[in-house]
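Numbering (this note's numbering), first residue to last: 1192 to 1316.
See the structure below:
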């Protein structure tokens, strides 16, 4: 029965490609989220450092500068969290697309199996 080829083999191959692309997209987005998380952690550490430096200082100019710098870092932290939320939404959407691509591929594989079974039955007759 090796001579029988699935009538929609190209479509099945295309579905495999779609699933691979979706899987790659999810992996890339997760890597992006990890990088963004590392950046967020560095901003948080910088914020903690500035707070600790403020405790040691008594010069008014330095305190003002550090307070301004802390406000800038706080704003960057908020922006970074928003960016991470957007990336998380992209990951969720990409996961849904991956699931859909997986379902489509499985459906094509079922069709291939049915067609192969039908061809074997036809050959037995």
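Built from N, CA and C at the ideal position, the CB exists for glycine as well.
Short of 8 Å in beta carbon distance, which residues of its chain neighbour residue 1227, apart from the five on each side in sequence? Order them along the chain. 1271, 1274, 1275, 1278
Under the three-state reduction of DSSP, which class applies to residue 1286: helix, strand or coil? helix
How many Å lie between residue 1242 and residue 1230 at the Cα? 19 Å
Could you name the residues of the same chain whose beta carbon sits closer than 8 Å to that of residue 1288, not counting the 5 residues immediately before and after it, in chain order? 1213, 1216
Would you mind working out which of 1238, 1224, 1203 sits nearest residue 1260, comparing C-alpha positions? 1238
So what's residue 1233 in DSSP terms, helix, strand or just coil? helix
Tell me the rounded alpha-carbon separation between residue 1250 and residue 1269. 29 Å
Please state whether the Cβ-Cβ distance between residue 1300 and residue 1203 is less than 8 Å. yes
Are residue 1296 and residue 1206 closer than 8 Å when you measure CB to CB? yes
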